[in-house]
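So the protein sequences, as listed, match chains A and B.
The numbering used here applies: residue 16 is where the first sequence begins, and numbers increase by one.
The numbering used here applies: residue 3 is where the second sequence begins, and numbers increase by one.
Each remark here refers to the structure printed beneath this line.
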Amino acid sequence: MNIFRLAGDMTHLLSILVLLLKIYATKSCSGISRKTQELYAIVFMARYLDLFTDFISVYNTFMKLIFIASSLAIVWCMRFHPVVRRSYDRELDTFRYFFLVGASFALALVWHDKFTLQEVFWAFSIYLEAVAILPQLVLLQRSGNVDNLTGQYVFFLGAYRAFYILNWIYRYMTEPRFTRWIAGISGVVQTALYADFFYYYFISWKNNSKLKLPA
Amino acid sequence: SSSTDVKDEL
Chain A
16 MNIFRLAGDM THLLSILVLL LKIYATKSCS GISRKTQELY AIVFMARYLD LFTDFISVYN
76 TFMKLIFIAS SLAIVWCMRF HPVVRRSYDR ELDTFRYFFL VGASFALALV WHDKFTLQEV
136 FWAFSIYLEA VAILPQLVLL QRSGNVDNLT GQYVFFLGAY RAFYILNWIY RYMTEPRFTR
196 WIAGISGVVQ TALYADFFYY YFISWKNNSK LKLPA
Chain B
3 SSSTDVKDEL
């Protein structure tokens, strides 16, 4: 564990807490893409299959369980909570996300560390995570306004990916034989998507105008 | 190579 990875994990946790706080405090999920949240639930369940086979540390196991439980809780709230579900922007959240799941799985079948069930699902989860934010960005683009908590949620998610890139650079330099091509390249793609969003978020915030992402 | 070692990241 190095400081960059810890900072990445903490900002990731913070992003989820911000989202839960928004839903709990406002009893509303407007501006949140349920499709993105469902993709994250799939990402964590596919990636953490190793909970059954490998023990790394108490911290590692605890965080994995937190990520699985919190993502399922958010999806549950948006689908079934009697008050929260009414504010779901169903007509704006129309991204065809099965395409992302299919493409990520197809890529995992051809590019993985080992052709085993666990490794293919791990690679699948990495590719899917890289693009899981897309339905959320499309929803924000359509609704045209981003409330502070939703903006902070996406900001912390972006910070988490940026810290992980620093972590990989650090490990590459300090650990012999450390390479993470799959996670590294996917991580750069994912961080670029967030950086792009923040560029337009910042511009619209500075001009005090509606968010306008390029189509 | 270590790319196929146990995945120790989240």
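C-beta atoms are modelled at their ideal positions from N, C-alpha and C, and glycine is treated no differently.
Boundaries of the alpha helix (DSSP H) in which A:R111 is found, first to last residue: In the first sequence, the residue the question calls residue 111 of chain A occupies position 96. Premise fails: A:R111 is in no alpha helix (DSSP H) and is neither H nor E.
Same chain, Cβ closer than 8 angstroms to A:I83, neighbours up to 5 away in sequence not counted: Walking along the first sequence from the start, residue 83 of chain A turns up at place 68. For A:I83, where only same-chain residues beyond five positions count, the Cβ hits under 8 angstroms are A56, F59, M60 and Y63.
Separation of A:S30 from B:S4, as counted between CA atoms: Position 2 of the second sequence holds residue 4 of chain B. Position 15 of the first sequence holds residue 30 of chain A. Only weak support is given to the placement of B:S4: the predicted model assigns it a pLDDT of 46, under 50, and the question is left unresolved by the model.
Positions along the segment 136-149 of chain A whose CB lies within less than 9 angstroms of some CB in chain B: Residues W137.
Terminal residues of the alpha helix (DSSP H) in which A:N163 lies: The sequence position of residue 163 of chain A within the first sequence is 148, counting from 1. Per DSSP, A:N163 belongs to the alpha helix (DSSP H) from N163 to T189.
Any C-beta of chain B under 8 angstroms from that of A:N319: Coverage of chain A is limited to positions 16 through 230, which leaves residue 319 of chain A absent and any answer about it impossible.
Contact between the segment 117-125 of chain A and the segment 142-149 of chain A (3+ Cβ pairs under 8 angstroms): The segment 117-125 of chain A vs the segment 142-149 of chain A: in contact.
Short-range partners of chain B found in the segment 77-103 of chain A, where Cβ spacing is below 9 angstroms: Answer set for the segment 77-103 of chain A: M78, K79 and F82.
Sequence-distant residues of its chain with Cβ nearer than 7 angstroms to A:F4 (five each side left out): Past the edges of chain A, shown from 16 to 230, lies residue 4 of chain A, and the structure says nothing about it.
Rounded separation between A:Y216 and A:N223 - CA only: Against the first sequence, residue 216 of chain A aligns to sequence position 201. Against the first sequence, residue 223 of chain A aligns to sequence position 208. Those two C-alpha atoms are separated by around 10 angstroms.
Integer-rounded CB distance, given that A:H27 should sit under 8 angstroms from A:Y187: By one-based count along the first sequence, residue 187 of chain A stands at place 172. By one-based count along the first sequence, residue 27 of chain A stands at place 12. Not a contact, Cβ separation roughly 21 angstroms.
The alpha helix (DSSP H) enclosing A:T206, as first and last residue numbers: As a first step, residue 206 of chain A is located in the first sequence; it is residue number 191 there, counting from the start. A:T206 -> alpha helix (DSSP H) spans W196 to K221.
Sub-8 angstroms separation of A:K79 and A:L66 beta-carbons: As a position in the first sequence, residue 79 of chain A is number 64, starting the count at 1. As a position in the first sequence, residue 66 of chain A is number 51, starting the count at 1. Judged by beta-carbon spacing, A:L66 lies within the 8 angstroms limit of A:K79, meaning their Cβ atoms are closer than that value.
Any C-beta of chain B under 8 angstroms from that of A:I71: Here residue 71 of chain A corresponds to residue number 56 of the first sequence, with the count starting at 1. Answer yes: the Cβ-Cβ gap between A:I71 and chain B drops below 8 angstroms somewhere.
Partner residues on chain B for A:D211, Cβ-Cβ distance less than 8 angstroms: Start at 1 with the first residue of the first sequence, and residue 211 of chain A comes out as number 196. Near A:D211 there are no residues of chain B at all, since even the closest Cβ is about 24 angstroms away, more than 8 angstroms.
is_contact[B:E11, chain A] using C-beta, thresh 8 angstroms: For the purposes of this step, residue 11 of chain B is taken as the residue at position 9 of the second sequence. Yes, B:E11 lies at the interface with chain A (some Cβ there is under 8 angstroms from its Cβ).
A:A22 versus A:F178: straight-line alpha-carbon distance, rounded: In the first sequence, counting from the first residue as 1, residue 22 of chain A sits at position 7. In the first sequence, counting from the first residue as 1, residue 178 of chain A sits at position 163. Rounded to whole angstroms, A:A22 and A:F178 show a C-alpha spacing of 6 angstroms.
In chain order, each alpha helix (DSSP H) run of at least 4 residues that lies wholly inside the segment 98-147 of chain A: Counting only runs of 4 or more, we get 113-125 and 132-146.
Run of the alpha helix (DSSP H) containing A:M60, from where it starts to where it stops: Position 45 of the first sequence, counted from the start, is the residue given in the question as residue 60 of chain A. Here the alpha helix (DSSP H) through A:M60 covers R49 to R62.
Exposure of A:S48, with buried meaning 16 or more beta-carbon neighbours within 10 Å: Stepping through the first sequence from its first residue, residue 48 of chain A is reached at position 33. By the neighbour-count rule (16 or more Cβ atoms within 10 Å), A:S48 is buried.
Simplified DSSP state of A:C92, which is helix, strand or coil: As a position in the first sequence, residue 92 of chain A is number 77, starting the count at 1. DSSP places A:C92 in the helix class (H, G or I) of the three-state scheme.
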